[in-house]
Amino acid sequence: MESTDQSTASAPESQTRQLPRDFAKRVATKIILTNERERDPEVATQTVADLIYRNLGAPDRYSYLFDVTQQLIEDSETARFSGIAWASFALEREQHPEYEKFLSGLLDMAIDEHMNLVKPLFELETKRKKFSHYAWLIGEVFINMMAVNSDLYDVINHVFGSTIRKEMALEAAQKDKKEPRRISIGSSAKEKETASKKLFDDIIDYIHTRGEFKSDSLASKNPNEFVAILADRMRGTRRYVIQDIMNRQALQRRKKAEKALSERLASAEEIISARNPFIKAVDLFWTEKRYNFKYLSVEKVRVTVQVLAILIGIVYFLSGYLGLYGMHWAEGIIIAAGMYLFARIAASRQTYKRFFPDDVSKELEIVVGSFTPTLRKMSKEQLDAFLLRLIRDTGIHKLLHIVPEFIKYVFAVMPDRKNMIVTIDELSDVMENLEIDVARQMREISQAPRNPLD
């Protein structure tokens, strides 16, 4: 074992020589002697922390600290020194940041070996229950800390909170990678259950079990009452830390969502450039909306002329065939053929083509398609502001009444509607606000004094 006379803590980089078999026992003995020799508790704490870090601070020696802890715990007379040993470098972590890294490495090792069942389960014979090897060691360390001084709960809170945060972070990382929690499959159902349980939950279960006491009479007191109190306080710590982690994760998710949303939102340039195509599309929509009525009106006239011409031809043909009114049959045939040709040529669709309205449906689709990507990227606030500016635009005042119907049409034919930033409920609110704003704007226009020159 390295010398303990150095005043500055410096962890060995690696195991440069083979350690003796009783290395853990020697370190445990040194911890006991140091605490018994030093009268000043602060000096003893610093010395023990320095001793532990110099001898066990290298990553390949982390396991020896758990062996040292087990050596101390297994003897009831030295068990309290396990709590003092862990508290020493935890208390000195502010002056020595390397101690915090050392503690973090210890907890990482404990969590990994807990999940993979590297060590056999510990059986609490008095309760006939089994727990993880590391839940037993760390649980006993916490109990012994409280037995030494209840003020050491701050240390317990830090170590236990770090364990929770590490396991929760590990679980979150595995969820992000969509990988199941890596658990060693034990040979028994109890081993599988213990490996699937988080270490911090197993620690609390162990401490709670240690604090249980069945009294034989009403007068008997629970000698482990402080252990039961410790378990209750740790449950409170667990609730607080997990809630804090969940709040932080929710905040991070919200920030990521807001960032992703801001990247997807339409820019000011896109919104401005969508104004003119939108106004043009409203005009085309109104033209297309009236197309059927104009088309049917012209078609009604054309068909009427065509039918009348054919009927006149039939009447003359029959009159000539029957010799009525002194008409010769050849005259009837000539007039009937002329009326038929008139119906086929003069009353044809091609002849009336210039009277039919223009079908702008294809042009409307092209213009609408030019600004629907911008609408799809607008938030509710952006869409409200965009539509409000448009209905106040003088270029669209004559078609204000058709704007709400046009908006419904645009969102009905819009492709990839599932990728819209605005939700269906928000879109309903936008339409309600739009109809109110259109009605208000139309009322203001109708009440405004007119220029007699217009």
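For the sequence shown, this note's numbering gives the first residue as 92, with consecutive numbering after it. Glycine included, C-beta positions come from ideal geometry on N, C-alpha and C. On a predicted model such as this, the values are computed, not experimentally measured, just so you know.
What number of angstroms, rounded off, separates the C-alpha of residue 239 from the C-alpha of residue 174? 8 angstroms
9 angstroms Cβ cutoff met for residue 197 and residue 157: yes
Residue 546: buried (16+ other C-beta within 10 angstroms of its C-beta) or exposed? Summary: the structure shown does not reach residue 546, with the chain confined to residues 92 through 545, and so no result is reported for it.
Roughly how far, in whole angstroms, is the beta-carbon of residue 142 from the beta-carbon of residue 121, given that I think they are within contact range, below 8 angstroms? A Cβ-Cβ separation of about 6 angstroms places residue 142 in contact with residue 121 under the 8 angstroms criterion.
Starting from residue 215, trace the alpha helix (DSSP H) both ways and give me its first and last residue. Looking at the DSSP string, residue 215 is not in any alpha helix (DSSP H); the run it does join, the beta strand (DSSP E), is 213 to 215.
Using the C-alpha atoms, what's the distance from residue 439 back to residue 458? 33 angstroms
DSSP-derived helix/strand/coil call for residue 221: Strand, per DSSP.
Hey, how far is the Cα of residue 578 from the Cα of residue 527? Given a span of 92 to 545 for the chain in the structure shown, any question on residue 578 remains unanswerable.
Chain E contact for residue 281 (CB, 9 angstroms cutoff): Absent here is chain E; the protein component of the structure consists of one chain.
Using the Cα positions of residue 361 and residue 470, report the straight-line distance between them to the nearest angstrom. Computed Cα separation, rounded: 13 angstroms.
Tell me which same chain residues have a C-beta within less than 6 angstroms of the C-beta of residue 201, skipping the five on either side of it? 225
Separation of residue 257 from residue 111, as counted between CA atoms: 33 angstroms
May I have the straight-line CA-CA distance separating residue 297 from residue 509, to the nearest angstrom? 50 angstroms
When burial is assigned at 16 or more other CB atoms within 10 Å of the CB, is residue 289 buried or exposed? buried
May I ask you to verify whether the segment 422 to 430 touches the segment 319 to 327, counting CB pairs closer than 8 angstroms and requiring at least 3? Counting C-beta pairs with one atom in each stretch, the segment 422 to 430 and the segment 319 to 327 have fewer than three that are closer than 8 angstroms, which means they do not touch.
Starting from residue 479, trace the alpha helix (DSSP H) in both directions and tell me its first and last residue. The continuous alpha helix (DSSP H) containing residue 479 extends over residues 471 to 482.
Residue 505, DSSP secondary structure in three states: Shown here, residue 505 sits in coil according to DSSP, grouped into three states, outside any helix or strand.
Does the segment 409 to 418 come within contact of the segment 474 to 492, defined as at least 3 CB pairs closer than 8 angstroms? no
Starting from the C-beta of residue 518, find all residues in its chain whose C-beta is less than 7 angstroms away, skip the five residues before and the five after it, and write them out in chain order. So the qualifying residues of the chain are 502.
Here's the rule: buried if 16 or more other CB atoms are within 10 angstroms of the residue's CB, otherwise exposed. What is residue 481? buried
From which residue to which residue does the alpha helix (DSSP H) around residue 301 run? 290 to 302
Assuming residue 218 and residue 303 make a contact with CB atoms under 8 angstroms, what is their CB distance in whole Å? Right, the Cβ-Cβ distance comes to about 7 angstroms (below 8 angstroms), so this counts as a contact.
Mapping the DSSP letters down to three states, classify residue 453 as helix, strand or coil. helix
Could you please give the first and the last residue of the uninterrupted alpha helix (DSSP H) stretch that includes residue 245? In the DSSP assignment, residue 245 falls within the alpha helix (DSSP H) that extends over 244 to 267.
Considering only residues of the same chain and omitting the five flanking positions on each side of residue 416, which have a CB-CB separation below 7 angstroms? 410
How is residue 418 classed by DSSP in three states: helix, strand or coil? coil
Might you give, ordered along the chain, the residues of its own chain that have their beta carbon closer than 6 angstroms to the beta carbon of residue 159, omitting 5 neighbours on each side? 115, 118 and 119
Which of helix, strand or coil DSSP assigns to residue 511: coil
What do you get for residue 363, buried or exposed, if any count of 16 or more other CB atoms within 10 angstroms of its CB means buried? exposed
Considering residue 126, what are the terminal residues of the alpha helix (DSSP H) in which it resides? Per DSSP, residue 126 belongs to the alpha helix (DSSP H) from 114 to 128.
Can you round the beta-carbon distance between residue 228 and residue 161 to whole angstroms, since I take them to be within the 8 angstroms contact cut? 6 angstroms
From residue 498 to residue 407, what distance separates their C-alpha atoms? 56 angstroms
Hey, quick one: how far does the alpha helix (DSSP H) through residue 146 stretch, first residue to last? 132 to 147
Express the C-alpha separation of residue 367 and residue 460 in angstroms, rounding to a whole number. 13 angstroms
Assign residue 419 to one of two classes, buried (16 or more other C-beta atoms within 10 Å of its C-beta) or exposed (fewer than that). exposed
CA-to-CA distance, residue 395 to residue 365, given in whole angstroms: 45 angstroms
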